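The sequence shown runs 14 to 305 under the numbering used here.
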Amino acid sequence: MIFHRLLSMGLLAALAACGSTTRDAVPPPPLEAAAEQVLNPAFARAYAALSTYPKYGDNDPHDWEGGTPWAYPIHGIDVARYQGAIDWRQVGAAGVSFAWIKATEGGDLLDPEFKSNWRGARRAGVRRGAYHFYYFCRSPEDQARWFIRNVPKEAGSLPPVLDIEWNHTSPSCKRRPSGAEARHEAERFIKKITQHYGRRPVVYTTVDFYRDTNIGRLRGVDFWLRSVAGHPEQVYPGASWAFWQYTGTGSVPGITGDVDLNVFAGSAEGWLKWLGYQKYVESEQVPSRPEE
Numbered sequence: 014m015i016f017h018r019l020l021s022m023g024l025l026a027a028l029a030a031c032g033s034t035t036r037d038a039v040p041p042p043p044l045e046a047a048a049e050q051v052l053n054p055a056f057a058r059a060y061a062a063l064s065t066y067p068k069y070g071d072n073d074p075h076d077w078e079g080g081t082p083w084a085y086p087i088h089g090i091d092v093a094r095y096q097g098a099i100d101w102r103q104v105g106a107a108g109v110s111f112a113w114i115k116a117t118e119g120g121d122l123l124d125p126e127f128k129s130n131w132r133g134a135r136r137a138g139v140r141r142g143a144y145h146f147y148y149f150c151r152s153p154e155d156q157a158r159w160f161i162r163n164v165p166k167e168a169g170s171l172p173p174v175l176d177i178e179w180n181h182t183s184p185s186c187k188r189r190p191s192g193a194e195a196r197h198e199a200e201r202f203i204k205k206i207t208q209h210y211g212r213r214p215v216v217y218t219t220v221d222f223y224r225d226t227n228i229g230r231l232r233g234v235d236f237w238l239r240s241v242a243g244h245p246e247q248v249y250p251g252a253s254w255a256f257w258q259y260t261g262t263g264s265v266p267g268i269t270g271d272v273d274l275n276v277f278a279g280s281a282e283g284w285l286k287w288l289g290y291q292k293y294v295e296s297e298q299v300p301s302r303p304e305e
């Protein structure tokens, strides 16, 4: 999917200053020639159900300057076993629009809370997807097969995520491939996942990995970038991104302790389009009036 370049810093600051907790009304659909465009009822229902511009707590907050996370309407979380038991109904009621849930790591590790989180998020009506933590000492094909084995192919779920970053604490894998090797392995993983799920994964990465490997050269994927001490426009100059992880110490009702918080790069309308909603449907042609 194609994203606009980052919003200007001035616009971000203006949005942040307003502190709105509501959204603008959907504008009236335009008329085009004899065919009238009408709002897709499914789009309208999804738009009306959105929670926008939430502001969550942070147990170790950053003093944001310029562009802030609060300028964006759509916020979400990512979770793993470290969050323990999650009350997903509270999470959904708190305005969380999306959640990525850790499923797998390497070629043989399954997060013990994945199945519970996967079911709980769906029951609570939280849009969710699964992510895979990449291991540099296992082939990308083995890892893709392991993910496919454990993550259901379900309509309405978010695209899978490839979490690819340096793992400085791994006791079993010290390999650090070159940038070209890392990108090639990522492409191989992406190819196999795309073949199975019918959509290309989102790619999550960190500042040092992005810098060291030029992973941003990958084409045809949406990037999810970690940046907890500055807006991505400052930390990843020139990068295009779809999601921004802005803290690892967030506080959300329904979750005990710290949780990662994220924003979607665009508007509420853009979020629904990213999910695949069609905004307009064409009505039947309006018949012309007979000449009198």
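All residues carry an ideal CB built from backbone N, CA and C; glycine is no exception.
Keep in mind that this is a model prediction, so the values were computed, not measured.
CB-CB length for residue i against residue j, believed under 8 Å
i	j	result
Val241	Val215	Their Cβ separation, rounded to whole angstroms, is 19 Å, which puts Val241 and Val215 out of contact at 8 Å.
Phe111	Lys292	Between Lys292 and Phe111 the Cβ distance is about 19 Å, and since that is not below 8 Å, they are no contact.
Leu123	Asn163	5 Å
Ile228	Arg213	14 Å between Cβ atoms; not a contact.
Neighbour-count burial assignment, residue i, 16 or more Cβ in a 10 Å radius
i	result
Ala143	buried
Asp273	buried
Tyr95	exposed
Arg239	buried
Val294	exposed
Trp287	buried
Gly89	buried
His244	buried
Asp121	exposed
Val51	exposed
Thr226	buried
His197	exposed
As assigned by DSSP and simplified to three states, the class of residue i
i	result
Lys286	helix
Ile161	helix
Tyr66	coil
Trp257	strand
Ile90	strand
Thr207	helix
Arg239	strand
Ser264	strand
Gln291	coil
Asp76	coil
Phe277	strand
Tyr85	coil
Asp71	strand
Residue of the options minimising C-alpha distance to residue i
i	options	result
Tyr217	Ile114, Glu178 and Trp77	Glu178
Asp71	Gly283, Leu285, Pro266 and Trp284	Pro266
Gly133	Ile87, Trp113 and His209	Trp113
Trp254	Thr262, Tyr69 and Arg230	Arg230
Glu118	Ala168, Leu52, Ser152 and Arg135	Ser152
Ala116	Ser185, Arg158, Gln258 and Thr207	Arg158
One or two residues paired with residue i in a DSSP bridge
i	result
Trp179	Looking at the DSSP assignment, Trp179 forms no beta bridge with any residue, so it has no partner.
Lys115	Tyr144
Arg230	Note: Arg230 sits in no beta bridge, so no partner.
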